[in-house]
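Everything below concerns the one structure shown next.
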Amino acid sequence: MSALPLSRVRIESIDVVRGLIMILMALDHTREYLHVNAFFSNPLDLNQPSYFLYFTRWVTHFCAPNFILLAGLSAYLSGQKKTRAQQRWFLFSRGLWLIFLELTVITFGLWFDVKFSFLTLQVIWATGMGFILLSALLSLPLWAIAGLGIGIVGGHNALDGLTFPKGSTAEAVLFLLHQPGPIPLSSERLILNLYPFLAWVGIMLCGYALGSWYRRDVSATERQKKLLYLGFGLVLSFILLRMVNTYGDPTPWRPQTSPSVTLLSFLNTTKYPPSLLYALMTTGPALLLLAFLERKPRWSWMSIYGKVPLFYYLIHFYILHSLAILVHLYQGIPWAKINFQNGTAGIEPNIGLSLAGVYLVWLGVVAFFYPLCKRYAAFKQRQTQAIWSYL
173 MSALPLSRVR IESIDVVRGL IMILMALDHT REYLHVNAFF SNPLDLNQPS YFLYFTRWVT
233 HFCAPNFILL AGLSAYLSGQ KKTRAQQRWF LFSRGLWLIF LELTVITFGL WFDVKFSFLT
293 LQVIWATGMG FILLSALLSL PLWAIAGLGI GIVGGHNALD GLTFPKGSTA EAVLFLLHQP
353 GPIPLSSERL ILNLYPFLAW VGIMLCGYAL GSWYRRDVSA TERQKKLLYL GFGLVLSFIL
413 LRMVNTYGDP TPWRPQTSPS VTLLSFLNTT KYPPSLLYAL MTTGPALLLL AFLERKPRWS
473 WMSIYGKVPL FYYLIHFYIL HSLAILVHLY QGIPWAKINF QNGTAGIEPN IGLSLAGVYL
533 VWLGVVAFFY PLCKRYAAFK QRQTQAIWSY L
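Start counting the sequence shown at 173; every next residue gets the next number (the working numbering).
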C-alpha cells in the first residue's frame with residue numbers, strides 16, 4: 173500500500189489533545205447554562221470558595237489558549253502543502269469565515285436572541301483574527317514570527333493600566349485589542365467583546381512556530397525532547413513568576429484564610445485577556461501532554477472530537493442552551509417569562525441543576541456527540557473539494 177499523501181495525513185497526538193480540549197470546553201459551557209445561578213455568580217470567588225466548583229471552572233482554563241495554540245500549529249502544517257499565496261489566502265478567508273460565524277451562528281446559539289442585541293466575540297473571533305494577522309506575516313522568517321508571538325504574550329500585560337475616555341474611539345480600539353468590554357453600536361445593540369485579540373494572536377503565532385517541530389525531518393524522539401523541555405520550562409516559569417508576584421497578571425495572589433484557599437488564589441490567573449501567567453500555566457502542561465502522546469498515542473477515541481472541532485463547537489451551544497430552557501420549563505418557569513433580550517440568555521436566578529447534575533448532563537452530551545463527530549470526520553475525510561476545509 174502506498175503512503176498517504178501529506179494532505180491526508182493527520183497527527184493523532186494533536187487531535188487527541190484538541191479532542192480533550194473540546195470535551196473540557198463542553199464541561200464549562202454545561203456549567204454556565206445549567207448550573208443553578210451560574211450566570212449570576214463567579215465560580216472562582218475566593219470569599220466563599222467551593223473547591224469542587226472552583227476546579228470545575230479552573231480546569232477548563234486549559235481550553236481556549238491551547239485551542240488557539242493548536243490552531244496556529246495546524247496552520248503551519250497545512251501551509252507545508254500549499255504555496256505561499258495559497259496559504260495566505262486560506263488563512264485570510266478562513267479568518268473572515270470564522271468571524272462571520274461568531275457574529276451570526278454562534279452569537280444566536282449563545283443568546284437565542286432574534287434581535288442580536290449582543291454581538292458576542294469569543295474564541296472563534298480571536299482565532300479568526302489570528303488567522304488574518306498571520307496571513308499578513310507569512311513573509312517573515314519563522315524566527316521573527318516566533319519572536320513576535322513571544323513578545324506579545326510576554327509584554328502585553330504592560331498595557332494593563334492603559335485607559336481612554338469612556339465612549340471614545342480609542343477606548344473601543346483598546347477593548348478590541350486588549351481589554352474586554354462592551355462597544356455600543358446603537359441604543360439597542362452592542363458588541364460584547366470577551367476576547368480582545370492581541371494576546372490570543374500572540375499565542376497563535378507561538379503555535380505557528382511550534383509547528384516547525386512537526387516537520388517530517390524532525391524525529392519523534394527529538395520532538396518529544398523539545399516538548400518536554402519547553403513544557404517543563406513554561407510550568408517552572410509560571411511558578412517562579414507567580415511567586416515573585418510583581419508582573420505577568422493584573423491580579424496578584426494574596427495569602428488567604430487557609431493554605432488551601434491561598435493555593436486557589438495562586439492559581440487564579442486572568443483569562444480575559446490571557447495574562448502571561450495564565451498562558452504559562454495552561455500551555456506548559458499541554459506541551460507535556462503532547463510529549464507524553466508522541467510515541468504511542470493514547471486515548472485515541474478523543475481524537476474523534478479533535479478532528480471536527482468547529483462542527484462540535486457550533487452545535488454544542490444549541491444543545492446546551494436548549495437543555496437549559498427545558499430545565500426552566502420543567503422547574504416551573506413559564507415560556508412567556510423567559511426573556512432572551514435581557515443579557516442572560518433567558519436564564520433565570522435560582523433555576524438549574526446541582527453540580528452533580530451538571531456533570532451527568534456533560535457526560536451525556538459528550539457521549540451524544542461521539543457518533544456524530546465520528547461520522548462527520550469520516551465524511552470530511554472522503555471529500556476532496558477545498559470548501560470542506562472551512563467546515
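Cβ atoms here follow ideal geometry from the backbone N, Cα and C, with glycine treated the same way. Note that the structure is a prediction, hence the values are computed from the model and not measured.
{"Check": "Which value, in whole angstroms, describes the spacing of the CA atoms of G383 and K338?", "Outcome": "41 Å"}
{"Check": "Between A558, L544 and V530, which has its C-alpha nearest H201's C-alpha?", "Outcome": "V530"}
{"Check": "Beta-carbon separation of L436 and Y226 under 7 Å?", "Outcome": "yes"}
{"Check": "Quick one: measure Cβ to Cβ for V189 and A528, integer angstroms, because I've assumed they're closer than 8 Å.", "Outcome": "So it is not a contact: roughly 28 Å between Cβ atoms."}
{"Check": "Can you check whether the CB of L362 is closer than 7 Å to the CB of P356?", "Outcome": "yes"}
{"Check": "Is the beta carbon of L377 less than 7 Å from the beta carbon of L320?", "Outcome": "yes"}
{"Check": "For the alpha helix (DSSP H) containing I487, list its first residue and its last residue.", "Outcome": "P481 to Y502"}
{"Check": "Could you give the C-beta distance for G302 and W230, rounded to a whole number, given that I count them as a contact under 8 Å?", "Outcome": "Contact flag wrong, Cβ pair sits at about 24 Å."}
{"Check": "Using alpha carbons as the reference points, say which of E184, F212, A210 and L218 lies closest to V433.", "Outcome": "L218"}
{"Check": "Check each candidate in D187, I186, I183 and I193 and name the one with the smallest Cα separation from V538.", "Outcome": "I193"}
{"Check": "Can you name the start and end residues of the beta strand (DSSP E) that P356 belongs to?", "Outcome": "G353 to P356"}
{"Check": "To which residues does DSSP link H207 through a beta bridge?", "Outcome": "L525"}
{"Check": "Go ahead and pull the three-state DSSP assignment for N365.", "Outcome": "strand"}
{"Check": "From N329 to L449, what distance separates their C-alpha atoms?", "Outcome": "10 Å"}
{"Check": "Alpha carbon to alpha carbon, how far is L452 from V416?", "Outcome": "15 Å"}
{"Check": "Given a threshold of 16 other Cβ atoms within 10 Å of its Cβ, counted over all protein chains shown, does R395 qualify as buried or as exposed?", "Outcome": "buried"}
{"Check": "If you reduce the DSSP assignment to three classes, tell me which class L293 lands in.", "Outcome": "strand"}
{"Check": "Determine the extent of the alpha helix (DSSP H) in which R256 is found, giving its start and end residues.", "Outcome": "R256 to L273"}
{"Check": "Starting from S432, follow the alpha helix (DSSP H) in both directions and report where the run begins and ends.", "Outcome": "P431 to L439"}
{"Check": "Going by the beta-carbon positions, is the gap between G379 and L241 smaller than 7 Å?", "Outcome": "yes"}
{"Check": "Give the straight-line distance between the Cα atoms of S179 and K253, rounded to the nearest whole angstrom.", "Outcome": "The pLDDT assigned to S179 is 40, lower than 50, so where the model puts this residue is not dependable; a value taken from the coordinates is nonetheless given after this. Whole-angstrom Cα-Cα distance: 7 Å."}
{"Check": "Could you tell me the alpha carbon to alpha carbon distance between R554 and V345, rounded to whole angstroms?", "Outcome": "43 Å"}
{"Check": "Tell me, to the nearest whole angstrom, how far the beta carbon of A318 is from that of A243; I am working on the premise that it is less than 8 Å.", "Outcome": "So it is not a contact: roughly 16 Å between Cβ atoms."}
{"Check": "Spell out a yes or no on whether the stretch 205-216 and the stretch 486-506 are touching, meaning 3 or more CB-CB pairs, one atom from each, closer than 8 Å.", "Outcome": "yes"}
{"Check": "Helix, strand or coil for F512, going by three-state DSSP, please let me know.", "Outcome": "coil"}
{"Check": "Tell me which residue opens and which closes the alpha helix (DSSP H) that S409 is part of.", "Outcome": "A392 to V416"}
{"Check": "Enumerate, from N- to C-terminal direction, the unbroken alpha helix (DSSP H) stretches of 4 or more residues contained entirely within the stretch 437-479.", "Outcome": "448-464 and 475-479"}
{"Check": "Considering just the uninterrupted stretch of the alpha helix (DSSP H) at Y223, what are its terminal residues?", "Outcome": "Y223 to W230"}
{"Check": "Would you mind sorting R266 into buried or exposed? The rule is 16 or more other CB atoms within 10 Å of its CB.", "Outcome": "buried"}
{"Check": "DSSP on T276, reduced to helix/strand/coil?", "Outcome": "helix"}
{"Check": "On a Cα-Cα basis, can you pick out the residue from P543, Y419, W471 and T516 that is closest to D187?", "Outcome": "W471"}
{"Check": "Mind reading off the beta-carbon distance from L275 to L291? Whole number of angstroms is fine, and I expect it under 8 Å.", "Outcome": "5 Å"}
{"Check": "Within the continuous alpha helix (DSSP H) that includes Y248, where are the two ends?", "Outcome": "C235 to G251"}
{"Check": "Tell me which same chain residues have a C-beta within less than 6 Å of the C-beta of N440, skipping the five on either side of it?", "Outcome": "L216"}
{"Check": "Between F280, T556 and F224, which has its C-alpha nearest H488's C-alpha?", "Outcome": "F280"}
{"Check": "Considering only their Cβ atoms, is the gap separating I491 from C545 smaller than 7 Å?", "Outcome": "no"}
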